[in-house]
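Encoded as structure tokens, the structure appears first; notes follow it.
Numbering (this note's numbering), first residue to last: 1 to 699.
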């Protein structure tokens, strides 16, 4: 592991994760025992791309590898549900990409030779990924010789984990190189002619100040517009793609919140009150608080005016050792006792030398150096010289100026406010090791530190059991959709609805509800949902939930009946646009003010509108209006323009034009922009591919 640690020290984060065969065997065995069920013959498939199955063991192994890498980058921190979801989505996209593009590469003859890979790893054209892995974090320098030595060591004596890690790095390098070759091939076929560049240059230089009116569709009530079934179906056929949708499930559910009762409140109050006598007698307030409170001892000093009147009186007026309470503060019961009163300044002026560290080895060395610097300073060495030598990037030569409590990390703040003026201190923090000197202190005032015991009012086991019993009674009666509806009405319960897709982590307002979403996607019939144990009661945060699948939307283009209401709205708006356009034309006026009066709307203005404008003040996002402006000459009034929200008439008050635009420069810029469209080719390939994704079976 010394080799891999060497890589980590030089490159930041390198992770080698291999999922063992025993784990795979366990997974396979578990899945085989599921039976035919809903998974059928494809029960180990996460998805399928153009007939190529993506199997769960391989997919999950990659998910775990990336998860482990993320943990390393987060210093071993835990991964929350949302991050896991993002990791799985990323891995899925990579599997889809590889499945789609591998066939394209084969057909086009695109490949990466061993010689190319060698060149990108340890030759003259080092891949950026390799450079980042082997760049010294302290010097910022890349050393190719370190790459060569490390790879030789891994090949000769590396562990399976190290070898798997490097194999994965090489696969990523090859994957990236193949794709960039494909993009380069496409870009060579994209070209902008001089005539196109000239037209674009002219259009780009034109801008207009405009006056316009917008007659909203709401002027015509829906009842004034009639539509036929034939018209609706014709519109649907012509605009099917606009209604394309992702798979979704529509749920209805009843939640039984587990909340504390009045009895729980009393129980908590008594538990806190029972601590009062012992709290009065203890001499170790910190230990007593940490042993009996839901919140740790708070090492914070406050002035009288910073405390509530009751606590201020306790701290500054009552005899030492007096305990105040129990008193209620939100959802907690508390006891308070004065721990310490001392004179402290409101602010401190200090300076420091910061020795930044990246590893435990560096930390030990920094402590030794800090002790040495402290002794040198105490013996008369120049602070400015030592800052320049050891912390050259420090602003103002290490002078921090005046700062108040709460502005620095706790360890640094404590040393600054409790230390003596003029003395030097060695302080550690998450930023490194500091050599601190206190230069001045502000006016000192009496400040108190309180010892506070706080116990949260939480539902007892009995309360939880009672609420579960209530939920169970409902669940036992609501075994079918009809029974579910009947029980909701009979018991006067609140029924909520939610639309979710298979990647959603939670239902809005219902924390930790992923298991309910999975259950909804594991069935295709309208029914009351069951969890993994076959129970209809789910736990979601502090709730017991009974949910029913009300309906579902399949991925792709919905049927006419499914979107009929939306189609009807679109057709009616289209007809309203025709009616308004006819009304505008019937006025027979070319004066915008007169037209505004006739249509009962106001004249609005907007400046500097060109073909790149995305939003017009007073109109919003209206591409059709922008297009109409681009075609107008100065003083010209447009014909009625059918927009998203209204029918518009616009007049170009002034138009600025450039007679001889730089068409060559425009041609170069447009060619470059067009080249970026090569990346859209993959989106088209992905859209045309036959892709089935069913991660919800497993996660």
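All residues carry an ideal CB built from backbone N, CA and C; glycine is no exception.
**OP:** Using three-state DSSP, classify residue 590 as helix, strand or coil.
**Re:** Three-state result, residue 590: coil.
Original post:
Which residue spans inside the stretch 583-646 form an unbroken alpha helix (DSSP H) run of at least 4?
Top reply: Within the stretch 583-646, the complete alpha helix (DSSP H) runs of at least 4 residues are 592-598 and 623-630.
**OP:** Have a look at 524, 173 and 684 and flag the residue whose alpha-carbon is nearest the alpha-carbon of residue 126.
**Re:** Checking every option, the nearest Cα to that of residue 126 belongs to 173.
**OP:** Measure the alpha-carbon distance for residue 301 versus residue 446 and round it to whole angstroms.
**Re:** Each residue's Cα considered, the two are about 9 Å apart.
Original post:
residue 399 lies in the beta strand (DSSP E); which residues open and close that run?
Top reply: Residue range 399-404 is occupied by the beta strand (DSSP E) that includes residue 399.
Original post:
Between the C-alpha atoms of residue 354 and residue 299, what's the straight-line distance to the nearest angstrom?
Top reply: Between residue 354 and residue 299, the C-alpha separation is close to 25 Å.
**OP:** Look up residue 505 in the DSSP assignment and say whether it is helix, strand or coil.
**Re:** Reduced to three states, the DSSP call for residue 505 is coil.
Subject >> Inter-stretch contact (C-beta, 8 Å, three-pair minimum) for the stretch 626-641 and the stretch 229-238 >> reply: In this structure the stretch 626-641 does not touch the stretch 229-238; the number of beta carbon pairs closer than 8 Å is below three.
Subject >> Per-residue burial, residue 576 [other beta carbons within 10 Å of its own, 16 or more giving buried] >> reply: Label assigned to residue 576: buried.
Original post:
With 16 as the cutoff for other CB atoms within 10 Å, does residue 348 come out buried or exposed?
Top reply: Flag for residue 348 reads buried.
**OP:** Would you check if the distance between the CB atom of residue 520 and the CB atom of residue 529 is smaller than 8 Å?
**Re:** Yes, the pair counts as a contact, with Cβ atoms nearer than the cut-off.
Subject >> Inter-stretch contact at 8 Å, needing at least 3 Cβ pairs: the stretch 330-344 / the stretch 273-290 >> reply: With a cut-off of 8 Å, the stretch 273-290 and the stretch 330-344 count as touching, because enough Cβ pairs lie within range.
Subject >> DSSP bridge partner residues for residue 347 (one or two, in chain order) >> reply: In the DSSP output, where bridge partners are listed per residue, residue 347 has 404.
Original post:
Using the C-alpha atoms, what's the distance from residue 132 back to residue 350?
Top reply: Between the alpha carbons of residue 350 and residue 132 lies a gap of roughly 38 Å.
Subject >> When 272, 501 and 362 are compared against residue 729, the one with the closest alpha-carbon >> reply: In this structure the chain extends from 1 to 699, so residue 729 is not present and cannot be described.
**OP:** Out of 65, 479 and 561, state which residue places its alpha-carbon closest to the alpha-carbon of residue 167.
**Re:** Of 65, 479 and 561, the residue nearest in Cα terms is 65.
Subject >> From 69, 569, 105 and 342, residue whose alpha carbon lies closest to that of residue 181 >> reply: The candidate whose alpha carbon is nearest that of residue 181 is 105.
Original post:
Over what stretch of residues does the beta strand (DSSP E) that includes residue 428 continue unbroken?
Top reply: Here the beta strand (DSSP E) through residue 428 covers 424-429.
Original post:
Would residue 514 be called buried (16 or more neighbouring beta carbons within 10 Å of its own) or exposed?
Top reply: Burial call: buried.
Subject >> Residues of its chain near residue 285, where Cβ-Cβ distance is below 7 Å and the 5 sequence neighbours each way are ignored >> reply: Setting aside the 5 residues that flank it on each side, residue 285 is surrounded in the same chain by 337, 339 and 451, each with a C-beta closer than 7 Å to its C-beta; the list follows chain order.
**OP:** Run the CB neighbour count on residue 440, radius 10 Å, all protein chains shown included, and call it buried at 16 or more, exposed below.
**Re:** Classification of residue 440: exposed, given that the 10 Å Cβ count is below 16.
Subject >> Bridge-paired residues (DSSP) for residue 45 >> reply: Secondary-structure assignment with DSSP links residue 45 through a beta bridge to 55.
Original post:
Which of the three DSSP states, helix, strand or coil, is assigned to residue 356?
Top reply: In the displayed model, residue 356 falls within coil according to three-state DSSP, outside both helix and strand.
**OP:** In the DSSP assignment, find the alpha helix (DSSP H) that holds residue 149 and state where it starts and stops.
**Re:** Element bounds for residue 149: 144-157.
Original post:
At a cut of 8 Å, does the stretch 632-648 reach the stretch 579-589 through at least three beta carbon pairs?
Top reply: Note that the stretch 632-648 touches the stretch 579-589; at least 3 beta-carbon pairs, one per stretch, sit closer than 8 Å.
**OP:** Please state whether DSSP places residue 443 in a helix, a strand or coil.
**Re:** In the structure shown, the three-state DSSP call for residue 443 is coil.
**OP:** Return helix, strand or coil for residue 168, following the three-state DSSP convention.
**Re:** Residue state, collapsed to three classes: helix.
Subject >> For residue 481, the nearest candidate out of 395, 387 and 254 (CA to CA) >> reply: If you compare the alpha carbons of 395, 387 and 254 with that of residue 481, the shortest gap goes to 254.
**OP:** Please state if the CB of residue 219 and the CB of residue 580 are separated by a distance shorter than 8 Å.
**Re:** The answer is yes: Cβ separation under 8 Å.
**OP:** Identify which residue in 686, 688 and 671 has its Cα closest to the Cα of residue 191.
**Re:** Ranking 686, 688 and 671 by CA distance to the CA of residue 191 puts 671 first.
**OP:** Please name the residue or residues paired with residue 499 in a DSSP beta bridge.
**Re:** Within the DSSP secondary-structure output, residue 499 pairs in a beta bridge with 250.
**OP:** Let me know the secondary structure DSSP gives residue 480 once reduced to three states.
**Re:** Residue 480 falls in the coil class under three-state DSSP.
**OP:** From the DSSP output, in three-state form, read off residue 466 for me.
**Re:** Residue state, collapsed to three classes: helix.
Original post:
DSSP state of residue 10, grouped into three classes?
Top reply: Bear in mind that the predicted position of residue 10 carries a pLDDT of just 32, short of 50, making it unreliable; the figure below should be weighed with that in mind. In the structure shown, residue 10 sits in a helix (DSSP, three-state: H, G or I).
**OP:** Return the chain-ordered list of same chain residues with a C-beta closer than 6 Å to the C-beta of residue 536, the five sequence neighbours on each side being excluded.
**Re:** Closer than 6 Å at Cβ, skipping near neighbours: 475, 528, 530 and 546.
Original post:
Can the beta-carbon of residue 373 be found less than 8 Å from the beta-carbon of residue 421?
Top reply: Contact: no.
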